[in-house]
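Participant: Here it is: the structure, laid out below.
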Amino acid sequence: WKEKILEPSDGKDVVQITARGNDPKEKDRIVAEAKAFVKTFSENNKNMKDVKIEIQNSEKEITDSINQLLTAVLTSIGLIFILMVLLFGNWIDAFLILLAIPFGIIGTILSLTLFQSELSLNSTLGVILLNGISVANSIILVDFIKHLKATGLSPKESAVQAARIRLRPILMTSLTTVIGMLPIALGFGAGGKILQPLGISVSGGLWISMLFTLYFVPTLQCYYYEWKEKRA
29 WKEKILEPSD GKDVVQITAR GNDPKEKDRI VAEAKAFVKT FSENNKNMKD VKIEIQNSEK
89 EITDSINQLL TAVLTSIGLI FILMVLLFGN WIDAFLILLA IPFGIIGTIL SLTLFQSELS
149 LNSTLGVILL NGISVANSII LVDFIKHLKA TGLSPKESAV QAARIRLRPI LMTSLTTVIG
209 MLPIALGFGA GGKILQPLGI SVSGGLWISM LFTLYFVPTL QCYYYEWKEK RA
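Residue numbers (the working numbering): 29 to 260.
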């Protein structure tokens with residue numbers, strides 16, 4: 029238990045009492061002790077006036093913030109999908125582009141697990157940043173495959189050539205982003221541990237998203253064009 033006298037608020041003294049347990053399983057016991065302390069204090073100081081006692085649960089505030097960020101992630105995905113439909117003119121291409129996002133989320137979860145990090149506000153914020161970066165790689169492939177297909181190449185030739193020609197710019201874009209986020213992912217600097225989940229989320233998720241995008245997006249687009257030709 030720690031007691032700290034804060035700056036007066038509205039002319040009244042403020043005393044903050046905090047507690048921290050090393051074992052997460054002790055949370056319920058600590059909360060029970062805090063409530064018992066408040067109850068005992070209130071009973072022993074009934075004659076005190078203008079005294080306000082609050083028990084704040086920081087975990088609930090963090091959970092609410094993460095839920096809000098998850099809503100922001102879903103909103104960003106929806107907006108990206110609408111924009112892709114408007115730009116490419118059909119929902120199939122937009123769907124293929126958006127495949128990079130779940131691949132990136134899978135990479136984020138794997139990276140956080142591998143480095144024994146946790147899902148936090150910063151890691152969720154990293155997913156939002158990752159969405160835009162991973163989708164950019166997917167756009168490069170889908171647009172170039174459509175361009176090669178329009179020149180008369182077969183779906184398979186278009187997919188293979190697009191993946192081969194666009195490999196270098198995709199690698200350069202991803203590598204520069206990962207290198208830029210590397211100091212954060214390694215936790216360098218003051219407060220680095222706080223921002224570390226963000227760096228791990230973006231760096232790890234981007235690599236996994238890039239690898240899956242290079243293989244799955246051209247393959248699925250090739251199958252789509254072949255199915256479309258057979259149907260025609």
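By construction, the Cβ of each residue, glycine as well, lies at the ideal position given by its N, Cα and C atoms. Quick caveat, the model's predicted, so the values are computed rather than measured.
What's the call for asparagine 118, buried or exposed, on a 16-neighbour Cβ count within 10 Å?
Facilitator: By 1-based counting over the sequence shown, the position of residue 118 is 90. With fewer than 16 Cβ atoms within 10 Å of its Cβ, asparagine 118 is classed as exposed.
Participant: Determine the contact status of leucine 127 and threonine 201, defining contact as a CB-CB distance below 9 Å.
Facilitator: Here residue 127 is taken as the residue at index 99 of the sequence shown, counted from 1. Here residue 201 is taken as the residue at index 173 of the sequence shown, counted from 1. No. Outside cutoff.
Participant: How close, in whole Å, do the beta carbons of aspartate 121 and valine 170 come, if the pair is a contact with beta carbons under 8 Å?
Facilitator: Numbered from its first residue, the sequence shown carries residue 121 at position 93. Numbered from its first residue, the sequence shown carries residue 170 at position 142. About 6 Å separates the two Cβ atoms, so the contact holds.
Participant: Alpha carbon to alpha carbon, what distance is there between isoleucine 58 and glutamine 249?
Facilitator: For this step, residue 249 is matched to residue 221 along the sequence shown. For this step, residue 58 is matched to residue 30 along the sequence shown. Whole-angstrom Cα-Cα distance: 55 Å.
Participant: Can you check which of these residues, Pro211, Phe131, Phe172, is closest to arginine 192 by C-alpha distance?
Facilitator: Position 164 of the sequence shown, counted from the first residue, corresponds to residue 192. If we check each option's Cα against that of arginine 192, Phe172 comes out closest.
Participant: Using C-beta distances below 6 Å, list every residue in its chain close to lysine 184, excluding the 5 sequence neighbours before and after it, in chain order.
Facilitator: The sequence position of residue 184 within the sequence shown is 156, counting from 1. If we look at lysine 184 and ignore the five residues flanking it on each side, its Cβ neighbours are Cys250.
Participant: CA-CA distance, phenylalanine 244 and alanine 62?
Facilitator: Here residue 244 corresponds to residue number 216 of the sequence shown, with the count starting at 1. Here residue 62 corresponds to residue number 34 of the sequence shown, with the count starting at 1. If I take the Cα positions, the gap works out to 53 Å.
Participant: I need the DSSP call for arginine 196, collapsed to helix, strand or coil.
Facilitator: Counting from 1 along the sequence shown, the entry for residue 196 is found at position 168. In the structure shown, arginine 196 sits in a helix (DSSP, three-state: H, G or I).
Participant: Quick one: using the 10 Å Cβ neighbour count with 16 as the cut-off for buried, is tryptophan 255 buried or exposed?
Facilitator: Counting from 1 along the sequence shown, the entry for residue 255 is found at position 227. Per the 10 Å Cβ criterion, exposed.
Participant: At what residues does the alpha helix (DSSP H) containing serine 139 begin and finish?
Facilitator: Position 111 of the sequence shown, counted from the first residue, corresponds to residue 139. Here the alpha helix (DSSP H) through serine 139 covers 128-142.
Participant: Would you give the residue range spanned by the alpha helix (DSSP H) that phenylalanine 65 belongs to?
Facilitator: For this step, residue 65 is matched to residue 37 along the sequence shown. Start and end: 55-72.
Participant: Is glycine 215 helix, strand or coil by DSSP?
Facilitator: What you label residue 215 is simply residue 187 of the sequence shown in a count that begins at 1. If DSSP states are grouped into helix, strand and coil, glycine 215 belongs with coil.
Participant: Span of the alpha helix (DSSP H) holding threonine 152?
Facilitator: Counting from 1 along the sequence shown, the entry for residue 152 is found at position 124. Taken as a continuous stretch (DSSP letters only), the alpha helix (DSSP H) holding threonine 152 covers 149-178.
Participant: Return the chain-ordered list of same chain residues with a C-beta closer than 8 Å to the C-beta of glutamate 257, the five sequence neighbours on each side being excluded.
Facilitator: By one-based count along the sequence shown, residue 257 stands at place 229. Cβ neighbours of glutamate 257 beyond the five flanking positions: Pro183.
Participant: Would you grab the beta carbon distance between threonine 136 and serine 151 for me? Rounded to a whole angstrom, and I think it's under 8 Å.
Facilitator: Counting from 1 along the sequence shown, the entry for residue 136 is found at position 108. Counting from 1 along the sequence shown, the entry for residue 151 is found at position 123. Correct: roughly 7 Å between the Cβ atoms.
Participant: Taking 7 Å as the limit between beta carbons, can you name the residues of its chain near phenylalanine 143, skipping five residues before and five after?
Facilitator: Taking the first residue of the sequence shown as position 1, residue 143 is located at position 115. Within the same chain, phenylalanine 143 has close Cβ partners Ile228.
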